[in-house]
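What follows is a set of notes on a single structure, which appears directly below.
Residue numbers (our numbering): 537 to 736.
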């Protein structure tokens with residue numbers, strides 16, 4: 537369990553949109569200044585220890601244990617240590633679990649000594665990315681789903697928090713929107729990587 541809790545789980549940024557998307561701003565290569573930075577996932581979904589805590593919080597408690605906040609803060613500060621460092625925190629909103637990720641992100645921001653700003657709104661329902669068959673459908677699923685309030689964000693580097701990372705398209709779309717709205721570099725951070733399992 538201790539070994540698994542100390543593994544690095546990098547999430548590589550997407551650099552190109554899948555062909556065939558309808559939106560003209562989601563075609564071809566993604567400009568380097570609008571890409572997400574390399575991110576991290578704290579653990580793998582369902583792994584003993586942290587992964588099981590994530591599963592329990594997501595499926596049973598609707599609240600992530602404080603142990604996950606502590607472990608995430610240690611991972612970001614002591615092992616990842618991104619440069620330039622994020623100076624504020626925001627999160628990926630959900631219309632199914634309204635408070636789950638914002639509550640975790642707020643507690644993580646407090647632990648890191650950073651301000652938390654809810655500057656992203658989800659304006660359209662989407663299907664879980666796990667149910668989309670390929671990159672085209674995963675990216676298309678997110679087109680027009682989010683808006684960023686430019687008046688509510690900061691121009692410094694930001695930590696973008698979500699509970700799960702799978703296809704990386706949610707982080708890709710939101711990094712693009714945040715950068716276009718005026719934020720600094722966007723560092724994605726997820727509690728669990730579900731890319732090779734059947735998590736939600």
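All residues carry an ideal CB built from backbone N, CA and C; glycine is no exception.
Since this is a predicted model, take the numbers as computed values, not measurements.
Buried or exposed, going by whether 16 or more other CB atoms sit within 10 Å of the CB of residue i?
i: residue 699; result: buried
i: residue 607; result: buried
i: residue 677; result: buried
i: residue 706; result: buried
i: residue 709; result: buried
i: residue 659; result: exposed
i: residue 634; result: exposed
i: residue 668; result: buried
i: residue 675; result: buried
Contact defined as beta carbons within less than 8 angstroms: I believe residue i pairs with residue j. What is the distance between those atoms, to the nearest angstrom?
i: residue 587; j: residue 580; result: 5 angstroms
i: residue 712; j: residue 552; result: Going by Cβ atoms, the distance from residue 712 to residue 552 rounds to 12 angstroms, so no, they are not a contact pair.
i: residue 672; j: residue 556; result: 6 angstroms
Quick one: grab the DSSP three-state call for residue i.
i: residue 552; result: strand
i: residue 632; result: coil
i: residue 726; result: strand
i: residue 614; result: helix
i: residue 638; result: helix
i: residue 643; result: helix
i: residue 659; result: coil
i: residue 547; result: strand
i: residue 652; result: strand
i: residue 691; result: coil
Can you tell me where the beta strand (DSSP E) with residue i in it begins and where it stops?
i: residue 578; result: 575–580
i: residue 682; result: 682–684
i: residue 695; result: 694–701
i: residue 667; result: Per DSSP, residue 667 belongs to no beta strand (DSSP E) and is neither H nor E.
Apart from the five residues on each side of it in sequence, which residues of its chain come closer than 6 angstroms, Cβ to Cβ, to residue i?
i: residue 537; result: Reliability of the predicted coordinates at residue 537 is poor, the pLDDT of 42 falling under 50, and no value is obtained from them.
i: residue 729; result: 545, 577, 580, 701
i: residue 679; result: 559
i: residue 661; result: 631
i: residue 721; result: 573, 693
Tell me which residues share the same chain as residue i and place their Cβ nearer than 7 angstroms to its Cβ, disregarding the 5 neighbours each side in the sequence.
i: residue 601; result: 589, 593
i: residue 644; result: 605, 608, 609, 625, 697
i: residue 704; result: 547, 550
Taking residue i as part of the alpha helix (DSSP H), name the residues at either end of that continuous run.
i: residue 708; result: 705–717
i: residue 591; result: 586–592
Between which residues of its own chain and residue i is the CB-CB distance below 8 angstroms, once the five residues before and five after are set aside?
i: residue 654; result: 626, 627, 629, 638, 688
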